[in-house]
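Engineer:
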Amino acid sequence: MKFASEFRDPAAAKALLAEIARTCDRLGATRAKPVHIMEICGGHTHSIFRYGLDKLIHEGVEFIHGPGCPVCVLPMSRVDECVQIAEKPQVIFCTFGDAMRVPGHRKSLMQAKADGADIRMVYSPLDALELARRNPAREVVFFGLGFETTTPSTALAIQQAAREGLGNFSVFCNHITVPEPIKALLDDPEMVLDGFIGPGHVSMVIGIHPYDFIAADYGKPIVVAGFEPTDLLQSVLMVLTQIEQGRAVVENQYARVVPEHGNAVSLAAIADVYERRPTFEWRGLGEIDASGLRIRPRYAAFDAEEKFAIGYGAASRNVPEPEGCACGAVMTGRIKPTACPQFGKGCTPDMPLGALMVSSEGACAAYWQYGGARAVAAE
Ligand code: SF4
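Every position in the sequence shown, counted from 1, becomes a number in our numbering once 1377 is added.
1. Would you decide whether LYS1597 is buried or exposed? Buried here means 16 or more other CB atoms lie within 10 Å of its CB.
2. Can you tell me which of the three DSSP states TYR1651 falls into?
3. Does the beta-carbon distance from PRO1444 to MET1708 come in below 7 Å?
4. Is VAL1479 near the ligand SF4, with its Cβ less than 6 Å from a heavy atom?
5. Mind the definition here: the region 1658-1676 touches the region 1426-1438 only if three or more C-beta pairs lie below 8 Å; say whether that holds.
6. Is any non-hydrogen atom of the ligand SF4 found closer than 6 Å to the C-beta of PRO1714, if you look at the structure I gave you?
7. Would the C-beta of GLN1719 count as close to the ligand SF4, meaning under 6 Å from any of its heavy atoms?
8. Where PRO1636 and PRO1576 are concerned, what is the direct C-alpha to C-alpha distance, given to the nearest angstrom?
9. Looking only at DSSP bridge pairs, what is GLY1523 linked to?
10. Less than 7 Å separating the beta-carbons of CYS1724 and ALA1703?
11. Pick helix, strand or coil for SER1547, following the three-state DSSP scheme.
12. For GLU1567, which residues of its own chain have a beta-carbon under 8 Å away from its beta-carbon, when the five flanking residues on both sides are left out?
13. Output needed for GLN1746: all residues of its chain with C-beta closer than 6 Å, excluding positions within five of it in sequence on either side, in chain order.
14. Consult DSSP for HIS1435 and reduce its assignment to one of helix, strand or coil.
15. Between LEU1486 and GLU1621, is the Cβ-Cβ spacing less than 7 Å?
16. Between VAL1476 and the ligand SF4, is the CB less than 6 Å from at least one heavy atom?
17. Looking at the structure shown, is PRO1513 part of a helix, part of a strand, or coil, going by DSSP?
18. For ASP1680, list the residues DSSP reports as bridge partners.
19. How many angstroms separate the CA atom of ARG1515 from the CA atom of ALA1678?
20. Please say whether GLU1652 and ARG1673 have beta carbons closer to each other than 7 Å?
21. Buried or exposed: LYS1713, going by 16 or more other Cβ atoms within 10 Å of its Cβ?
22. Go through its chain and collect everything with a Cβ distance to ALA1692's Cβ below 6 Å, but skip five positions before and after it.
23. Quick check: the Cα distance between VAL1354 and PHE1685, rounded to an integer number of angstroms?
24. When every heavy atom of the ligand FMN is checked, does at least one fall within less than 6 Å of the C-beta of VAL1707?
25. Pull up the distance between the alpha-carbon of PHE1470 and that of LEU1733, whole angstroms please.
26. Quickly, what does DSSP pair LEU1670 with across the bridge? List them, please.
27. The beta strand (DSSP E) with THR1472 in it runs from where to where?
28. At a cut of 8 Å, does the region 1571-1585 reach the region 1598-1609 through at least three beta carbon pairs?
29. Rank SER1454, ARG1483, VAL1448 by C-alpha distance to the C-alpha of GLY1474 and give the top, closest one.
30. So LEU1614 and LEU1451 are supposed to be a Cβ contact under 8 Å. How far apart are they, rounded?
31. Which value, in whole angstroms, describes the spacing of the CA atoms of LEU1508 and ALA1645?
32. So, are the CB atoms of HIS1482 and ASP1457 less than 7 Å apart?
33. Just the Cα atoms here: how many angstroms apart are ALA1743 and GLY1603?
34. Got a sec: does the ligand SF4 put a non-hydrogen atom nearer than 6 Å to the Cβ of ALA1389?
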């Protein structure tokens, strides 16, 4: 297949759905006894709902929505620290649009902007670099947020700032990594997971081997997948086929984009600029060892944590979630968004209680956008 339309071909999708159904029947998978497949990435969650795959697929497959939305897993304490930096009078705070409406304990960045903070939406860290060049009397801070997909571009911006000696540019680093939370979920005795759909964009950077432990140590299949409907259906079929054959390996359905060993240039930039934090807090998952990145001391001049004395200390962590918010349970796949008592009532895209309702990769946003709003209206 060469063109996007071919990956949305109804005949190909129907053939895959029929083969999935036959495989489910052979496995004895039913609605009451489904195969639990976690799609780790929020982009996949949105594709599943955008194309109605949850409704079309055999009832013996249950999609469990994973924690792969970086905005959703950002702890409230870090949103508070963003606001704290952004409200300094000399600061221009730059962020991707997704993060603007994520609620903090005190306020969101959107509310801070309304209150007078100079907060700008950017499309790339390079936009923030340009703002720093044009505003030498101001401190320009880029909100570095995301998994391995966005980590390299922030690293390249820091390297460029170092080359130019741009002393008024820094990064508030909240970059996180995918394999560690998967391990945390697999170690959780309450989680029932039979296989995984692996993240496509993250894997473009890191390749497929960082997931080897899922198959080797936990005996679970994982298939790195693309984002079109036939990509996802083929990946589900590959997971089911492994289960049927009693195999557990890492497979790459998205080989047209994902190199087996990742992107060498990106990996070199990551290694040069970042080191692992001993631990990092994930909203809904708690502290996960070695799951966050911080800027190496050699680039300390471009580290907003250093510049504004925002240490990642215990005192700044574990800010309680709002009353009645079930974000943690949704993020770990324990409940579906519509089972949250706040869904569509205390929490809507206009008045969000949790980040999952406003992030473009949030599970609650997907349910709301592709049917949840109608379901609540019909109640
Ligand atoms: S509906 Fe709102 S409060 Fe409930 S889990 Fe989703 S984002 Fe969190």
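Using N, Cα and C, we set each Cβ at its ideal position, and we do this for glycine too.
Structural biologist: Checking against the coordinates, here is how it stands:
1. With 16 or more Cβ atoms within 10 Å of its Cβ, LYS1597 is classed as buried.
2. TYR1651: strand per DSSP, three-state reduction.
3. Cβ distance < 7 Å, so PRO1444 and MET1708 count as in contact.
4. The answer is no for VAL1479.
5. Touching, no, given that fewer than three Cβ pairs across the two stretches are closer than 8 Å.
6. Yes, since a heavy atom of the ligand SF4 falls inside the 6 Å radius drawn around the Cβ of PRO1714.
7. A heavy atom of the ligand SF4 is found nearer than 6 Å to the CB of GLN1719.
8. Their Cα atoms are separated by approximately 13 Å.
9. Looking at the DSSP assignment, GLY1523 forms a beta bridge with HIS1552.
10. With contacts defined as CB atoms closer than 7 Å, CYS1724 and ALA1703 fail to qualify as a contacting pair.
11. Three-state DSSP puts SER1547 in a strand.
12. The answer, listed in chain order, is ARG1711.
13. Answer for GLN1746: no residue qualifies.
14. DSSP, reduced to helix, strand and coil, places HIS1435 outside both helices and strands of the structure shown, so it counts as coil.
15. Contact flag unset, no.
16. One detail in the question is off: residue 1476 reads as Ala in this sequence, not Val. ALA1476 has its CB no nearer than 6 Å to any heavy atom of the ligand SF4.
17. Looking at PRO1513 - three-state DSSP - the assignment turns out to be coil, as it is neither helix nor strand.
18. Residue pairing from DSSP places ASP1680 in a beta bridge opposite VAL1548.
19. Near 15 Å, if we compare the C-alpha coordinates of ALA1678 and ARG1515.
20. Yes.
21. By the neighbour-count rule (16 or more Cβ atoms within 10 Å), LYS1713 is buried.
22. Confidence in ALA1692 is poor, its pLDDT being 46 and thus under 50, which makes the residue's placement unreliable; the coordinate value appears in the next sentence. Residues of the same chain with their beta carbon placed closer than 6 Å to that of ALA1692 are lacking, with the five preceding and five following residues left out of the count.
23. As displayed, the chain neither begins before 1378 nor continues past 1756, which places residue 1354 out of reach and without an answer.
24. The ligand FMN is absent from the structure shown, which contains only the ligand SF4.
25. A straight line joining the alpha-carbon of PHE1470 with that of LEU1733 spans about 23 Å.
26. Under DSSP, LEU1670 forms a beta bridge with ARG1653.
27. 1468-1472 is the extent of the beta strand (DSSP E) around THR1472.
28. Contact between the region 1571-1585 and the region 1598-1609 is present: three or more C-beta pairs spanning the two stretches fall below 8 Å.
29. Measuring from the Cα of GLY1474, the nearest candidate turns out to be VAL1448.
30. Between the beta-carbon of LEU1614 and that of LEU1451 there is about 34 Å, and that puts the pair past the 8 Å contact cut.
31. Between the alpha carbons of LEU1508 and ALA1645 lies a distance of about 26 Å.
32. The Cβ atoms of HIS1482 and ASP1457 lie closer than 7 Å to each other.
33. If you take the alpha carbons of ALA1743 and GLY1603, they lie about 18 Å apart.
34. Answer for ALA1389: no, Cβ out of range of the ligand SF4.
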